[in-house]
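Engineer:
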Amino acid sequence: MSESISRDYTFGTLVTAMVTPFTEDGEVDYQKAAELAEKLVDDGCDGLVVTGTTGETSTLTDEENLGMFKTVQEAVGGRAKVIAGSTTNDTRHSIRLSRQAADLGVDGLLVTTPYYNKPSQAGVRAHIEAVADATDLPVMVYDIPGRAGIPIETETLFRLAEHPRIVALKDAKADYQETTRVLANTDLDVYSGDDGLTLPLMAAGAVGVVSVTAHVATVQYRSLVDAMLAGDLATARRLHFELDPVQRAVMSHIQGAVAAKLILKWQSVLPNSVVRLPLVEPSDAEIAPIRADLKEAGWNLEA
């Protein structure tokens with residue numbers, strides 16, 4: 015891990031969007047969450063998003079969300095940035111949960127586009143700024159139109175970037191041209207929100223990635239990000255191609271949280287791959303292409 019590089023950015027450069035471990039009966043396993051957080055940081059992550067999309071936030075209670083923030087902060091606080099996925103599509107609820115997260119000592123907030131409601135861009139901006147105004151914590155805006163149903167338009171991001179606490183963007187829009195406009199016209203620290211686009215977005219000036227695949231390939235992603243930050247394109251390209259089948263295994267066949275938990279179980283990092291409904295564990299037919307991708311990467315993991 016390159017601390018000299020990572021410390022220059024509010025949220026670090028290799029951020030993992032952490033899964034929420036469950037017990038066999040579907041309760042949050044806080045002990046395993048602490049152990050996972052420690053492993054990810056030991057292996058090179060300098061930031062963790064807690065109870066974001068991959069953390070199954072939509073099926074956690076407020077008490078469970080707060081329990082995860084507290085657990086991870088106590089496990090790795092001071093060694094890595096703990097970023098709370100503390101927002102919903104209800105602004106008042108988001109403010110309340112964000113303030114409670116701040117009281118627990120987290121380092122920042124991940125503020126997601128309001129989903130399902132489909133507000134106007136004025137509403138999107140008002141929601142995000144209201145949460146940013148509610149605490150003194152720095153904010154990473156999360157633009158993910160595939161889940162939210164709407165994008166945060168580039169002009170809206172320009173305006174949001176003027177807010178003193180809105181300092182970063184997790185870009186999961188997969189629109190390279192528009193992301194480069196944000197990079198060219200704002201001071202936001204931009205993070206790739208798509209694992210496979212880490213190299214090209216960093217080539218345009220992004221500072222790193224908020225990754226799901228880094229759960230299972232932390233060391234390799236640390237090396238890729240550091241190579242890009244150091245301008246070593248040859249090394250970064252080699253790692254990008256080596257990681258391509260791994261990120262396909264995690265992100266291309268089933269929901270990323272489901273695949274990440276499955277592979278973490280195969281790696282003996284988690285004792286199970288339990289998810290909460292409406293997510294379900296994968297069928298044999300869904301597992302087959304995951305195994306094929308990992309075999310292509312030279313991985314031979316036993317179930």
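Going by my numbering, 162 is the number at position 148 of the sequence shown; the sequence numbering is gapless. Positions of the beta carbon are idealized from the N, C-alpha and C atoms, including for glycine. Quick caveat: nothing in here was measured; it's all calculated off a predicted structure.
Is it right to say Y156 is buried, meaning 16 or more other beta carbons lie within 10 angstroms of its own, or is it exposed?
Structural biologist: Result: buried.
Engineer: Mind checking G58: buried by the 16 CB within 10 Å criterion, or exposed?
Structural biologist: G58 is buried by the Cβ-count criterion.
Engineer: Expressed to the nearest angstrom, what Euclidean distance is found between the alpha-carbon atoms of T227 and T85?
Structural biologist: Taking the straight line joining both Cα atoms gives about 22 Å.
Engineer: At which residue ranges does the segment 164-239 contain complete beta strand (DSSP E) runs of 3 or more residues, listed in the order of the chain?
Structural biologist: Complete beta strand (DSSP E) runs here, min 3: 180-185, 203-206, 222-225.
Engineer: Here's the rule: buried if 16 or more other CB atoms are within 10 angstroms of the residue's CB, otherwise exposed. What is A299?
Structural biologist: The residue is exposed, with fewer than 16 neighbouring Cβ atoms inside 10 Å.
Engineer: Which value, in whole angstroms, describes the spacing of the CA atoms of A98 and G61?
Structural biologist: Straight-line Cα distance between these residues: approximately 11 Å.
Engineer: In the DSSP assignment, find the unbroken beta strand (DSSP E) run with I97 in it and report its ends.
Structural biologist: Element bounds for I97: 95-98.
Engineer: So who's on the other strand from V63, going by DSSP bridges?
Structural biologist: In the DSSP output, where bridge partners are listed per residue, V63 has A31, I97.
Engineer: Report the partner residues of L124 according to the DSSP bridge assignment.
Structural biologist: BP columns for L124 point to M154.
Engineer: Rounding to the nearest angstrom, what Cα-Cα distance links T200 and E295 in this structure?
Structural biologist: When rounded, the distance between both Cα atoms is 41 Å.
Engineer: Give me whichever residues DSSP pairs with G91 in a beta bridge.
Structural biologist: The partner list for G91 (beta bridge, DSSP) reads A94.
Engineer: With a cut-off of 8 Å on the beta carbons, I'd call E256 and A311 a contact; round off their distance for me.
Structural biologist: Sure, about 7 Å apart at Cβ, within 8 Å.
Engineer: Helix, strand or coil: how does DSSP classify V264 here?
Structural biologist: V264: helix per DSSP, three-state reduction.
Engineer: To which residues does DSSP link V42 through a beta bridge?
Structural biologist: The partner list for V42 (beta bridge, DSSP) reads F36.
Engineer: Closest by CA to Y319, which one among I109, L124, N103, H107?
Structural biologist: The question about residue 319 has no answer, for the chain in this structure spans 15 to 317.
Engineer: Just checking, does the segment 50-57 make contact with the segment 264-277 on the three C-beta pairs under 8 Å criterion?
Structural biologist: At 8 Å Cβ cutoff, the stretches do not touch.
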